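To start, the structure under review is shown below, and the notes come after it.
Residue numbers (the numbering used here), protein chains in the order written: chain A, 115 to 523; chain B, 115 to 523; chain C, 115 to 523; chain D, 115 to 523.
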C-alpha cells in the first residue's frame with residue numbers, strides 16, 4: 115500500500131486548502147443566512163457563481179474526473195484529500211464543480227454516453243452551467259434491494275416511455291437542474307441484471323413532476339433538495355437511453371463505487387471540521403472554573419474522535435488505492451467497509467461536537483446539524499449500512515470457506 | 115418499591131390512552147401538514163382548540179399538577195404512565211394542558227406565587243387560555259454551570275429592572291404566549307445560592323424582544339419555538355418577583371426535579387412509539403424476499419430497543435416513586451440517572467427506527483426526526499448529560515467514602 | 115408492579131447481609147489461598163462446612179425454595195435481594211445451600227420427583243450433605259438449539275441406558291457430588307418436545323466417566339468444576355427417570371426459568387461488589403496528584419456503572435414479579451431480557467473495575483477476574499445472548515403483528 | 115504515506131508465514147497440553163528449542179532489531195506484518211526470538227549498553243540462549259504515573275544498591291531467565307526526568323526474590339510468568355547501570371515506543387486469528403437448521419470485526435511509518451492512538467469469537483481465552499488506556515490552541 119500523493123495532487127491540495135480557508139469558509143455564514151428556508155422553490159445566492167468563477171480560474175475545477183480529457187485526471191487516491199477538504203464546507207463541492215450527483219452523472223456520461231449525449235449534457239455539466247439529478251430510489255419499495263424497483267422504461271418504437279415514482283432525487287430542486295437520469299425496468303423477463311435502463315430526461319419534459327422536496331431532519335438541503343418526482347407516461351427519444359437498453363444495472367454499479375467513496379471522503383472532512391469546532395469550543399468555553407476541555411470525560415471524547423477519524427481516513431485511502439490498483443470489483447469489501455465506517459464515525463463525532471456546544475450546537479449558528487444530516491443520510495443512501503455489512507460478511511465468509519475447502523453456498 | 119398505580123391513575127390511563135388513539139394520533143398528519151414551516155410567526159391549527167375542549171370536557175386536564183386544589187392531585191408515580199402516553203404524540207401535551215414549560219411554570223406559581231400572581235397568571239394557564247415561557251439559559255456562557263448566569267434583575271425602588279440575553283426560551287414563539295418567567299442576578303454579593311430572582315414578565319413589556327426562534331436540526335418546534343430573547347432595561351413591578359428577591363436558585367431547583375422527570379416520561383413514550391413504527395415497518399416492508407424483520411441483525415435491533423426502553427421506564431418509575439416517598443433531594447441521583455438514560459435510550463431507538471424506515475425515516479412523513487430532535491435536546495436541556503453524570507459519580511463516591519471512613523473532599 | 119419485599123424477606127435480607135459481611139467476606143481470602151489450583155481433584159476448605167453449619171443454625175438455608183414444605187417459601191421477588199447478596203461472594207451460595215445447579219436440581223425433585231427419589235436424593239441435598247450436577251450441554255453440537263441433543267436415554271425393560279458426551283456439567287468436580295441429572299433422547303420419533311427424558315445417575319455408576327474439568331479463562335471454578343463427562347452404556351433403574359419418560363423438555367423449561375433469574379440476581383450482586391471495589395480503589399489510589407476518582411473520564415465510568423446496575427436490578431425485579439404473578443410463560447420475554455442484560459452489564463462493570471485496579475485487577479488478589487468469568491459464562495450458559503435476543507424480538511414482533519392484524523408467521 | 119514493504123520484508127513475510135503455518139501452529143496443541151498448569155516453577159516443552167533452531171537456520175531470527183549489525187535491520191513498517199504474523203500464535207514470538215520483554219531489553223542494550231554489558235548479556239540474548247525480565251511496575255502505587263515509582267537504586271561507591279518491590283515483571287518465571295533490568299530512583303532531588311536509573315541485575319543475585327507469579331484471569335502465561343519480585347539491599351556493580359545514573363526515564367521512553375507498537379502488531383495478529391476461528395466455527399456449526407454464520411446478527415458481528423481489524427492495522431502501519439520517517443516524538447499521538455485502539459479492538463473481536471464458540475470458546479480447547487488475556491493485559495500494560503487517551507487529547511488540543519492563538523496551558 116502506497117498512500118503517497120502524486121506531486122500534482124499535492125499541489126491541488128495546497129491550493130484547494132488555501133482557497134477554502136480564504137474564500138469559501140468566510141462566505142458560509144452569509145450564504146446560509148441568505149437562504150430563505152422552507153420547501154422551495156429556491157434561489158442560489160450569487161456568491162456561489164462568484165466563487166465558481168474564481169475556483170475555475172485557479173484550475174480548481176472538475177477535480178473528481180479521472181479522465182484527463184474531461185477533468186483533472188487524478189486517481190481515486192489523489193482525489194481523496196481534495197474531496198475531504200471539500201467536505202469541510204457544505205457549499206464547497208458546488209464551488210469546485212464536484213457536487214453529487216453531478217459528479218456521478220458526469221462520470222456516467224464520460225464512460226457510457228454517446229457523442230450527442232456528451233455534447234448536449236456533459237459539456238454544460240463540465241462547465242457548471244447546468245446541474246443534474248439521479249432518479250433511482252423509490253418510495254413504495256425497499257430500495258436497499260435493487261430488484262424491488264417498480265419504475266418502468268419501456269421502449270416503444272423510437273421512444274422510451276417512463277413511468278414510476280422516485281424520491282431522494284438529490285439536486286432536482288436546484289434552479290439550474292436541467293437533466294435527470296432515470297432508472298427503470300425495460301425488460302422484466304431478462305436476466306436479473308439486464309432488465310433496467312438508464313434514461314436521460316430533460317427537466318420539464320411533460321409528465322415529469324417534482325411533487326415535493328423531502329426534508330431531512332427538517333432540512334431541505336436548499337438549494338439542491340431531495341426531490342420526490344413522479345413520471346407519468348414521460349416520453350423521450352430512444353437515443354436518450356445511456357449505453358442502450360438493459361445496461362442500467364451495470365451502469366449503476368460502476369457509478370456507485372466511486373460515488374460512495376467520494377461521499378466518504380467528504381463526510382470525513384465534515385467530521386474533521388466538527389472536531390475542530392469541538393476543540394475550539396472546549397478550549398474557549400468555561401464552566402466550573404475551567405475550560406470544558408479539562409472537565410470530566412471531555413478529553414476522552416476528543417481522543418476517541420481523533421482515533422476514529424484517523425482510522426476512517428486510512429480505510430478510505432486504502433479503498434481508493436485498491437480501486438486504483440485492483441479495480442472496483444476487487445475492492446468491493448473495502449468500499450462497503452468505508453461506506454459503513456465513515457458516516458457512522460462522522461455521525462458520532464458530530465453528535466459529540468453538538469453536545470459540547472450545548473444548545474448552540476443544535477441551532478444553525480454552526481454547521482453541525484447540517485453535517486449531522488449529511489452523515490445520517492449517508493447511512494441510508496447508496497445502500498444502507500445493513501446491506502453493506504451483509505456484503506462484507508459474505509465476502510469474508512467466502513474467503514474462509516474457500517480456505518477450508520467448504521462447498522460454496 | 116411499589117410501582118402499582120392508584121385506581122384513579124389507572125382510570126386516567128385507560129381514558130387517556132383511548133382519547134389519544136381515537137382523537138389525537140389521527141389528527142397528527144393534518145396538523146403537521148397545516149403548519150407553514152419556517153421561523154415564524156406561527157398560527158396554531160384550529161384542531162388544537164377543539165381537542166383541548168374535548169380533553170377538558172373529559173377531565174383529562176392538568177393531570178401533572180400534584181396539588182388537588184389546582185390539578186389532578188396525582189403523585190409523580192401516578193403521573194408517569196400518563197406523561198409517557200402523552201409523549202407518543204408531539205401535540206398531545208398541549209391538548210391535555212400538560213406542555214412544558216407551562217407545567218413547570220404553573221407548579222412554580224402554585225408553590226411560590228402570591229395571590230395576585232396566581233389570579234393574574236395561574237388561572238389563565240390552568241384554563242389553557244394563555245401559554246408561558248421560561249427564560250433561564252443564556253447564549254454567551256456555559257449554562258451548564260448555573261453560576262455563570264450573566265443576566266440581571268436589579269431591584270430599584272418599586273421596580274425590578276431586567277437586562278440580559280436568554281435563549282432556548284421554549285414556548286415563547288406561541289401566539290398565545292402571554293407571560294415569561296425571567297431569571298437573573300439580583301445581588302451578586304449574596305451567598306452563591308441566594309443571588310438570583312425569578313421575575314414574571316408579561317410578553318410585550320417594552321425592552322423584551324424575541325430576536326429569533328432557534329431551530330433544532332432545522333426544526334423550529336412550531337408553533338412553540340425555542341426563542342432567543344433580549345431584555346434591555348425591562349421594567350416590571352417589584353411584586354412580579356416570585357417568592358421575593360434572592361429565591362431564584364431555590365425555585366429553579368424545585369422546578370427542575372419534576373420537570374426533568376416529566377421530560378423523561380414523555381421521551382420514553384416517544385421511544386416506545388418509535389419502536390412500534392419500527393416493528394410495523396419491519397413487518398410490512400420486504401427486501402430480498404423477506405420482511406425486514408427477518409433480515410440480518412434487525413431482530414437484535416428490536417430486542418435491544420425493547421430491553422433499553424423497559425429498563426429506562428423502570429428507572430423512571432423508581433425516580434418518581436422516590437420523589438413521592440423520600441423527596442427530591444434524596445432522589446437526586448436517581449433523577450440525574452434517568453435524565454441521562456431516558457434521552458440517550460430514546461435517541462438510539464429513534465435512530466434505529468429511522469434506519470429501518472430508510473429514506474422515509476429521515477423525511478417528515480413520520481414523526482421520527484421530530485422525536486429525534488426532542489430526545490437530542492433533552493441531552494442538553496435541564497443540565498447536559500455530563501453534569502448529571504458528574505453528580506451521579508459524586509454521590510456514589512460520597513457514599514463509599516463514608517463507608518470507608520475517608521475524609522470528605 | 116409492586117416490588118416491595120414481604121416482612122419475612124426483609125428480615126432474611128438484613129440477617130443475610132450481616133452474616134455475609136461478618137462471616138463470609140472475611141473468610142474469602144484464606145479460602146481462595148487454600149485452594150490448590152489446577153484441574154482437580156479438589157478438596158473443599160473446611161471453612162465451608164463451618165460456615166454452612168452457622169448459616170443453617172441461623173435459618174439462612176435453602177432460601178431459594180418456594181415450596182414452604184421444603185424451603186423458605188419465598189416468592190421470586192422476595193428471593194431476589196437475597197440472591198443478589200449471595201452474588202457478592204463466590205463462596206456464599208454454597209454457604210447458604212443456594213448454589214447452582216443444586217438449586218435447580220432440588221426444585222426439579224420437589225416438583226417432579228417420586229417419593230423414593232425425594233427420599234434418596236432430595237433429603238441429603240436439602241441438608242447440604244451431598245451436591246449434584248446437571249448434564250445437558252454437549253460438546254459436539256450447538257447446544258443453543260436444544261433439538262440438536264445427541265445423547266440417548268433408552269428404556270430397555272426395567273432399565274434406562276444412557277449414552278453420550280456432556281460438558282459444562284457444573285459441580286460435577288465437587289468431592290461431595292453424589293448425583294447427576296442426565297438429559298437424553300428416549301424416543302426420537304415422538305413429538306419434538308416429548309422426546310427427551312431426565313434421568314438420575316448416581317456419580318460412580320459404571321460407564322460414567324468425568325473426562326476432565328473444563329477451565330473458563332483458565333479458572334476451573336474449583337472445587338465445583340465444569341466437567342466434561344462421558345456416558346457409555348450407563349445403566350440405571352427405570353425408576354430413575356424423573357416424572358417418567360418423555361418429560362425432559364418440559365422439566366428443562368420449568369427448571370431454566372427460575373435458574374436463569376437466580377443467576378441474574380447473583381451476577382448483579384457481583385457487579386455491585388465490583389463497583390464497590392472500583393470506587394474504593396478510585397478513592398484511595400493516587401496518580402498525577404489526585405485520587406483516580408477525580409481523573410479524566412473515571413467519574414463517567416462510575417456513573418455509567420451505577421445507571422446500568424440500577425436498571426438491570428429493576429428489570430430483574432420486574433421479571434421476578436411477573437413470574438410470581440403471571441407465571442413463567444407470560445414472563446418469557448422479561449426472563450430473556452434480564453438473561454441478556456444482567457451478565458452483559460456485569461461483564462462491562464467488572465471489566466471497568468479491573469481497569470481501575472490496573473495490574474492488580476487482573477490478578478487473583480481481587481475477586482474481579484473470577485467475577486468476570488462468572489458473568490462471561492452466563493452470556494453462553496442457559497441459552498446464549500443470541501437465542502434470548504431472538505426470542506425477545508419474536509415476541510415483540512408477534513405483538514405488533516397481532517395489533518396490525520397481520521397473518522402469523 | 116507509503117506502507118509498501120521493502121522486498122526484504124516481503125521475502126521475510128512469505129517465509130515467516132509459511133513457517134508459521136507448517137511448523138508453529140501444528141505444534142501449538144501438544145505444547146499447551148504438555149504445560150503442567152499452575153503457578154510454577156515451569157519447564158519449557160522441548161519443541162520450542164527445536165523450533166527455535168529451525169527458525170534460526172532459516173534466518174527467521176531477531177527480526178525486530180532495526181540495527182543491521184545485530185538483527186534483521188528492518189524498519190518499523192517492515193517489521194509490522196512480521197510481528198502481526200507472530201501474534202497469530204502465543205508461542206511464535208519466542209520461536210523467532212522476538213518475544214517481549216527480551217526485544218525491548220535487547221534494544222536498550224544495543225542503544226545504551228556498554229561493550230562489557232553487550233558482551234555479557236546482549237550476545238546470549240541475541241542467541242536465544244538466555245531470557246530476560248524488565249522490572250518497572252510496582253504494586254504499591256499507581257504506576258500509570260511514572261513519578262510515583264518508589265523503588266530505589268542508590269549509588270554507594272562502586273556499587274548500586276537496589277530496594278523495592280516490582281510486579282508484572284514478565285518473563286521472570288522462565289527457567290532461562292538470567293538477567294533483569296531494574297528501574298529505581300537514584301537521585302530524588304534531581305530534575306523530574308533525571309532521577310531514575312536502569313540497572314542490570316543477574317537473576318539469583320542475593321536479595322532478589324521472585325515472590326510469586328501473578329495470574330491473569332487465572333492464566334500464569336506459563337512458562338514466562340508475570341512475576342512479583344522483591345529487591346532487598348540487592349548489590350550489583352555500579353557498571354551495571356545502563357547508560358549511567360539518571361538516564362532511566364530517558365531509556366524507558368525510548369524503550370516503550372517500539373515496544374508498544376510491537377505489542378499492537380501482535381495483538382492484531384491475535385485478533386485476525388480469532389476472526390478466522392470465528393468464521394470457521396460459524397461456517398461449520400449448525401443450529402436451527404443453518405450454519406451459525408447465517409443466523410441473526412452473526413453476519414454483522416463478522417463485518418464489524420473485519421472493519422475494526424482493518425482500521426486498527428492501518429493505524430498501526432501509520433504509526434510505524436511515522437516512527438520510521440519523523441521519529442518517536444513526532445509520532446507520539448499515533449503511538450498512543452494505536453496503543454488504545456489495537457487491544458480494545460482485539461478484546462472485542464476475541465470476545466465475539468468466544469461467544470460464537472459457545473462453551474468451547476471459554477475452555478482451553480481454543481487459544482481464545484489466552485488471546486483475550488493478552489489483549490486485556492495490553493489495555494493496562496505500557497500505560498493504561500486512560501493515560502494514552504489523555505495524551506492524545508492533550509496533543510490534539512495543543513494543536514488547536516496554537517491554531518487559534520490561545521495561550522498555552
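Just so it is clear, CB atoms sit at the ideal spot from N, CA and C, and this is done for glycine as well. On a predicted model such as this, the values are computed, not experimentally measured, just so you know.
- In the DSSP assignment, residue 378/D forms no beta bridge with any residue.
- The beta carbon of residue 367/B sits no closer than 8 angstroms to any beta carbon of chain A.
- Secondary structure at residue 181/B: coil, using DSSP grouped into helix, strand and coil.
- Residues of the same chain with their beta carbon placed closer than 6 angstroms to that of residue 510/C are lacking, with the five preceding and five following residues left out of the count.
- Within the DSSP secondary-structure output, residue 255/B pairs in no beta bridge.
- Using a CB distance cut-off of 8 angstroms, residue 410/B counts as an interface residue toward chain D.
- Check the Cα spacing between residue 441/D and each of 222/D, 481/D, 190/D and 354/D: the tightest is with 190/D.
- Closest by C-alpha distance to residue 175/B, out of 159/B, 135/B and 217/B, is 217/B.
- Residue 289/B: not part of any alpha helix (DSSP H); DSSP gives it neither H nor E.
- Take residue 399/C, set aside five residues on each side of it, and the residues of its chain with a beta-carbon closer than 6 angstroms to its own are 406, in chain order.
- Judged by pairs of C-beta atoms under 8 angstroms, the segment 386–397 of chain A does not touch the segment 377–397 of chain C, as fewer than three such pairs exist.
- For residue 346/B, the uninterrupted beta strand (DSSP E) segment begins and ends at 340–351.
- For residue 491/A, the enclosing alpha helix (DSSP H) stretches over residues 482–492.
- For residue 459/D, the closest alpha carbon among the candidates 418/D, 480/D and 446/D is that of 418/D.
- For residue 201/B, the closest C-alpha among the options 323/B, 488/B and 366/B is that of 488/B.
- For residue 502/C, the enclosing alpha helix (DSSP H) stretches over residues 499–518.
- The Cβ atoms of residue 428/C and residue 518/B do not sit closer than 8 angstroms to each other.
- Take residue 116/D, set aside five residues on each side of it, and the residues of its chain with a beta-carbon closer than 8 angstroms to its own are 435, in chain order.
- Within the segment 224–243 of chain D, no residue places its CB atom closer than 9 angstroms to a CB of chain B.
- Collapsing the DSSP output to three states places residue 266/A in a strand.
- The segment 123–143 of chain D and the segment 443–456 of chain B do not touch, with fewer than 3 CB-CB distances between them shorter than 8 angstroms.
- For residue 325/C, the closest alpha carbon among the candidates 213/C, 485/C and 342/C is that of 342/C.
- Counting every other CB atom within 10 Å of its CB across the protein chains shown gives residue 496/C a total of 16 or more, marking it as buried.
- For residue 251/C, the neighbours in chain D by C-beta distance under 9 angstroms run, in chain order, 472 and 473.
- Counting along the chain, the unbroken alpha helix (DSSP H) around residue 220/C starts and ends at 216–226.
- Measuring C-alpha to C-alpha distances from residue 239/D to each of 145/D, 290/D, 308/D and 346/D identifies 290/D as the nearest.
- Annotation: residue 507/C to residue 422/B spans about 13 angstroms, alpha carbon to alpha carbon.
- The three-state secondary structure of residue 443/C, taken from DSSP, is coil.
- For a Cβ distance threshold of 8 angstroms, residue set 429, 451, 454, 455 and 506 of chain C lies close to residue 421/B, ordered along the chain.
- A straight-line Cα-Cα distance of about 19 angstroms links residue 504/C and residue 468/D.
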